[in-house]
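Novice: Numbering (full-length UniProt numbering), first residue to last: 1 to 342.
Okay, structure coming up:
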């Protein structure tokens, strides 16, 4: 990987969408760079994945590492970095390039796939930031073994919270699950397991007001949602925040069109409002945030990026499946001399 190298496609995001895009792009002989702070995204923080076809039960880190290995096998390059800025630059041949500035280098691509997913939502209560990494965690899969034999709490009411509580209950004698409602937003089979588990205590219609400790987390203050005068203090060694995710749209605002939730708007071809930029996975306005759906959109984005570059480079055919088009399997040699530098 070289900073002055120009890639056919730069993929921002190392989750299911990003790595599937990398796999499909490299199999089309596209010079591909994946830029991400981590590998696996949300999926890598999931203890057990039971709904990925053909695999039975698999843990998230294993599945995501397999994604990465497969993409690397076909030549995908990886830069473990934080993206600071993305901008479109017109080169000397009047063709658009995309400059991705990170905390370690700036990379240039002829096309761009945005697949960087979502970031953890914080509670925003006193003590949360102070004790982050010292008892406050946002990843049960990553940190659960550190709390073996200890008392912990989980905050949230979705699949990630339920999954975290069930995982922690395998290691911890006592797990509190704190949820601001009586209803859970998760899979019924997991919720049934949760409610029947003898080591899990549900604290419903409640919310965390403060996380306390000295060097490490020692307790949490909980109040009733309806009656703020109802206050409870629980003694814990750790607390896992599982209250969803937020969209980080700052790096692409003004570059592509976003919806009212700041998600990237894409069409059925994974195309954004800016030619040459494609979107895939949870960062986009797709209806369902699932690993297999993100992977499918990653494949679509890569194939459409390939088609985009073919057209820009002078090949006028349309890339479609089932052998119905006469198309090269690698990036075509331009028929337009003006495209030769692109």
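Glycine residues also receive a C-beta, built at the ideal position from the N, C-alpha and C atoms.
Keep in mind that this is a model prediction, so the values were computed, not measured.
Report buried or exposed for residue 142, applying the criterion of at least 16 other Cβ atoms within 10 angstroms of its Cβ.
Specialist: Residue 142 should be labelled exposed.
Novice: Go ahead and pull the three-state DSSP assignment for residue 176.
Specialist: The answer is strand: DSSP assigns residue 176 an E or B state.
Novice: Starting from residue 209 and walking both ways along the beta strand (DSSP E), at which residues does that stretch end?
Specialist: Residue 209 -> beta strand (DSSP E) spans 206-213.
Novice: Return the residue from the list 154, 62, 132 and 10 that minimises the CA-CA distance to residue 106.
Specialist: Nearest option by C-alpha distance: 10.
Novice: Quick one: what's residue 83 bridged to in DSSP?
Specialist: Answer by DSSP bridge pairing, in chain order: 102.
Novice: Leaving out five residues before and five after residue 190 in sequence, what residues of the same chain have Cβ atoms less than 8 Å from its Cβ?
Specialist: Excluding positions up to five away in sequence, the list reads 159, 162, 163 and 166.
Novice: With distances taken Cα to Cα, identify the nearest neighbour of residue 84 among 26, 29 and 249.
Specialist: When each option's Cα is compared against that of residue 84, the closest is 249.
Novice: Is it right to say residue 310 is buried, meaning 16 or more other beta carbons lie within 10 angstroms of its own, or is it exposed?
Specialist: Label assigned to residue 310: buried.
Novice: To the nearest whole angstrom, what separates the beta carbons of residue 241 and residue 155, a pair I think is in contact under 8 Å?
Specialist: Right, the Cβ-Cβ distance comes to about 5 Å (below 8 Å), so this counts as a contact.
Novice: Is it right to say residue 39 is buried, meaning 16 or more other beta carbons lie within 10 angstroms of its own, or is it exposed?
Specialist: Burial call: buried.
Novice: Starting from the C-beta of residue 235, find all residues in its chain whose C-beta is less than 8 Å away, skip the five residues before and the five after it, and write them out in chain order.
Specialist: Contacts found: 151, 218 and 219.
Novice: Can you give the beta carbon distance from residue 44 to residue 60, rounded, assuming they're within the 8 Å contact cut?
Specialist: The pair is a contact, with the Cβ atoms about 5 Å apart (cut-off 8 Å).
Novice: Just mark residue 256 as buried or exposed, buried being the case when its beta carbon has 16 or more other beta carbons within 10 Å.
Specialist: Classification for residue 256: buried.
Novice: Between the C-alpha atoms of residue 73 and residue 56, what's the straight-line distance to the nearest angstrom?
Specialist: Residue 73 and residue 56: Cα-Cα distance of roughly 24 Å.
Novice: If you compare alpha carbons, which of 128, 126 and 170 is closest to residue 140?
Specialist: Ranking the options by Cα distance to residue 140, first place goes to 170.
Novice: Residue 36: which of 49, 50, 19 and 299 sits nearest, CA to CA?
Specialist: Closest option to residue 36, Cα to Cα, is 19.
Novice: Report back the beta-carbon spacing between residue 283 and residue 79 to the nearest angstrom; my notes put them in contact at under 8 Å.
Specialist: 18 Å between Cβ atoms; not a contact.
Novice: State the beta-bridge partners of residue 88 as determined by DSSP.
Specialist: Answer is 98.
Novice: Whose CA, out of 16, 25 and 7, lies closest to the CA of residue 304?
Specialist: Out of 16, 25 and 7, 25 has the C-alpha closest to the C-alpha of residue 304.
Novice: Measuring CB to CB, does residue 144 end up less than 9 Å from residue 47?
Specialist: Yes, they are a contact pair.
Novice: Do residue 103 and residue 81 count as a contact pair if the criterion is CB distance below 9 Å?
Specialist: Contact: yes.
Novice: Looking at the structure shown, is residue 63 part of a helix, part of a strand, or coil, going by DSSP?
Specialist: In the structure shown, residue 63 sits in a helix (DSSP, three-state: H, G or I).
Novice: According to the Cβ coordinates, are residue 53 and residue 292 closer than 9 Å?
Specialist: Taking 9 Å as the Cβ cut-off, residue 53 and residue 292 qualify as a contacting pair.
Novice: Does the Cβ-Cβ distance between residue 211 and residue 223 come in under 9 Å?
Specialist: No. Outside cutoff.
Novice: Go ahead and label residue 288 buried or exposed: buried means 16 or more other beta carbons lie within 10 angstroms of its beta carbon, across all protein chains shown.
Specialist: Its Cβ having fewer than 16 others within 10 Å, residue 288 is exposed.
Novice: Let me check understanding here. Comparing Cα to Cα, which of 262, 111, 88 and 93 lies closest to residue 7?
Specialist: Taking only the C-alpha atoms, the option nearest residue 7 is 111.
Novice: Could you have a look at residue 185 and say whether DSSP puts it in helix, strand or coil?
Specialist: DSSP places residue 185 in strand when its eight states are reduced to three.
Novice: Residue 93 by DSSP, collapsed to three states: which one?
Specialist: Note: residue 93 maps to coil in three-state DSSP.
Novice: If you follow the alpha helix (DSSP H) that residue 24 is part of, which residue opens it and which one closes it?
Specialist: First-last of the alpha helix (DSSP H) with residue 24: 16-27.
Novice: Can you find a heavy atom of the ligand GDP that lies under 8 Å from the Cβ of residue 299?
Specialist: The ligand GDP is absent from the structure shown, which contains no ligand whatsoever.
Novice: Please confirm whether residue 14 and residue 87 have their CB atoms less than 9 Å apart.
Specialist: Going by C-beta atoms, residue 14 is not nearer than 9 Å to residue 87.
Novice: Compare the Cα-Cα distances from residue 12 to each of 277, 128 and 194 and report the closest residue.
Specialist: Residue 277 is the option with its Cα nearest to residue 12.
Novice: Kindly list the residues whose CB is nearer than 6 Å to the CB of residue 204, restricted to its own chain and excluding five residues on each side of it in sequence; keep chain order.
Specialist: 179 and 182, listed in sequence order.
Novice: Three-state secondary structure (DSSP) at residue 330?
Specialist: Unreliable placement is indicated for residue 330, whose pLDDT of 47 sits below 50; the coordinate value is still reported in the next sentence. In the structure shown, residue 330 sits in coil (DSSP, three-state: anything other than H, G, I, E or B).
Novice: I need the DSSP call for residue 286, collapsed to helix, strand or coil.
Specialist: Residue 286 falls in the coil class under three-state DSSP.
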